[in-house]
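In order, the protein sequence lines correspond to chains A and B. Residue numbers for the first sequence, in this note's numbering: 878 to 1074. Residue numbers for the second sequence, in this note's numbering: 8 to 216. Glycine included, C-beta positions come from ideal geometry on N, C-alpha and C. Heads up, the thing below is written out as structure tokens.
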Amino acid sequence: MNIQVSREDLLKQLGYKEPPQPRLLDMVVEMLGLLEGLVEPRLTLKEIQDEEDLPPFFAGSVLKYAGAATLGPKLEDKVKDLFDEGKAADGYILDTAGSIAMTKAGNVLWDEIRQNAAAKGFRRGLRRTPGCRGVELETQKWIFEKLVDRDPRISLTASYMMIPRKSLSFLARFGGKWQGTFSCKSCPQYSDCSLRG
Amino acid sequence: MDIIKEIYDAVMEGKVEDAASRVQQALNSKTEVNDILNKGLIAAMDVVGERFGEGELFIPQVLWSAKAMQAGMELLKPHFSAKDSTGKGTVVIGTAKGDIHDIGKNLVAIMLEGSGYNVADLGVEVTPERFIEKAVEVKADVIAVSALLTTTMQSMGEVVSLIKAKKLPFKVIIGGAPVDQAFCQEIGADAYGMDAADGLRKIKGLLGR
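See below:
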């Protein structure tokens, strides 16, 4: 899978609406070149057949998935190296490019799940990531236990953070009546969230 | 051109080598060290912070400027005799217990160092007890705690509670995506930094320097 981050996307994410000074532009181009050789995207999804001991998010759903995506460890190792070498601006730009790539990888995974669901006759679905309101962070453990036979190449810390850090996971549900009572709109990260589905 | 203005410009433009060479030049010509620091390095970094806050500059440029300022500061250090190099204060910084996301924390640490503060960076997943222990050890003025997730920001309140329980003199500033002023007030922290530059501004405000 080829995850592309454009110069325009990266500059926008860094805050630049107008073309920046040549020195910065050169750095952006250099970091995008580095990024290509550092990301090793791996997408993992699984349809959940269980009907018991499910996270509450799945209550009443007909079709259920667990999914995870990672960019692999090389990217964050390089970001750390750059910060350690005193090249903080380079490190920050590369990390930002990685965040964009991560969002794109997550969207590719979500598209795959939606296509899978569409083939089974389901068109509209919801996805939520652990830590979102209504999905306890501890759900990470459940997700990765379900995905372990697919080798997602993501491990969890004791506090359920994912390693590599440029990783994401989510639950997806299709069909049935959504029984959630929480509202994403009250979440402090609502405006920046790309995982609402 | 006035050497102080050249130092100021080098920091503004984030030119590390220029900043260092101009500071050295100023030292060689017996320019007042306090003028180099306050009218050159700090004055420029203050403007960089303001322009960042106003959306005229962005993080990469701020980091360049911080690095340029740091290069100049290194040359000035031997000329200060106070217990800490500039007398600006000491900040203990780290990410909240359970949180491994450190980019924001690293940016704040770089900007603090660039602005002349002593920084004790504890890294990631720092327990409230460790923050306190380090702050006592280095006689810190401020403890800065960063969190990316709503699930880890709760431990920020534990840092504040520990300080209050032990009647310690440390100020606490918090920052990170899920944190806001309301949460800051809720847990009784002293300040909330909306971003790295705002964090720096708030720490300056807390310390009055």
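The CB of leucine 1048 (chain A) never comes closer than 7 Å to any CB in chain B; the least such distance is about 16 Å. DSSP, read as helix, strand or coil, puts leucine 909 (chain A) in helix. Per DSSP, valine 1012 (chain A) lies in no alpha helix (DSSP H) segment and is marked neither H nor E. For histidine 108 (chain B), the residues of chain A that pass the 9 Å Cβ criterion are Met1038, Arg1042, in the order they occur in the chain. Proline 67 (chain B) belongs to the set of residues whose beta carbon lies under 7 Å from a beta carbon in chain A. Here leucine 1048 (chain A) is buried, its C-beta having at least 16 other C-beta atoms within 10 Å. Residues of chain B with a Cβ closer than 9 Å to the Cβ of tyrosine 969 (chain A) are, in chain order, Ile66, Pro67, Leu70, Ile110, Asn113, Leu114. Per DSSP, glutamate 924 (chain A) lies in no alpha helix (DSSP H) segment; the continuous beta strand (DSSP E) that holds it begins and ends at 919 to 924.
The beta-carbon of aspartate 972 (chain A) is placed less than 7 Å from the nearest beta-carbon of chain B. Spatial neighbours of isoleucine 117 (chain B) in its own chain (CB-CB distance under 7 Å, excluding positions within 5 residues in sequence) are listed in chain order as Leu70, Ala73. Residue range 965 to 996 is occupied by the alpha helix (DSSP H) that includes tyrosine 969 (chain A). At a cut-off of 7 Å between beta carbons, leucine 1014 (chain A) contacts chain B. Non-local beta-carbon contacts of leucine 214 (chain B) in its own chain, meaning distances under 8 Å to residues more than five positions away in sequence, involve Lys95, Gly96, Asp148, Val149, Lys178 in chain order.
Alanine 974 (chain A) sits close to valine 882 (chain A), with the two beta carbons spaced by under 7 Å. At least one beta carbon of chain A lies nearer than 7 Å to the beta carbon of threonine 158 (chain B).
When rounded, the separation of the alpha-carbon atoms in glycine 944 (chain A) and valine 131 (chain B) is 27 Å. Under the 7 Å criterion on CB atoms, glycine 206 (chain B) is classed as non-interfacial with respect to chain A. Boundaries of the beta strand (DSSP E) harbouring tyrosine 199 (chain B): 198 to 200, taken from the DSSP string. Scanning B:Leu82, B:His108, B:Ala127, B:Leu119 for the CA closest to the CA of valine 99 (chain B) turns up B:Ala127.
Along the segment 115 to 145 of chain B, the positions whose C-beta sits under 8 Å from a C-beta of chain A are Ile117, Glu132, read in chain order. Under the 7 Å criterion on CB atoms, phenylalanine 934 (chain A) is classed as non-interfacial with respect to chain B. Residues are counted here when their Cβ sits less than 9 Å from a Cβ of chain B; for the segment 1026 to 1037 of chain A these are Thr1034, Ala1035, Ser1036, Tyr1037, given in chain order. In the structure shown, the three-state DSSP call for serine 28 (chain B) is helix. Leaving aside the five residues that flank valine 54 (chain B) on each side, the residues in its chain whose CB is nearer than 8 Å to its CB run, in chain order, Met19.
Proximity of chain B to phenylalanine 960 (chain A) at the Cβ level (cut-off 7 Å) is accounted for by Asn113, in chain order.
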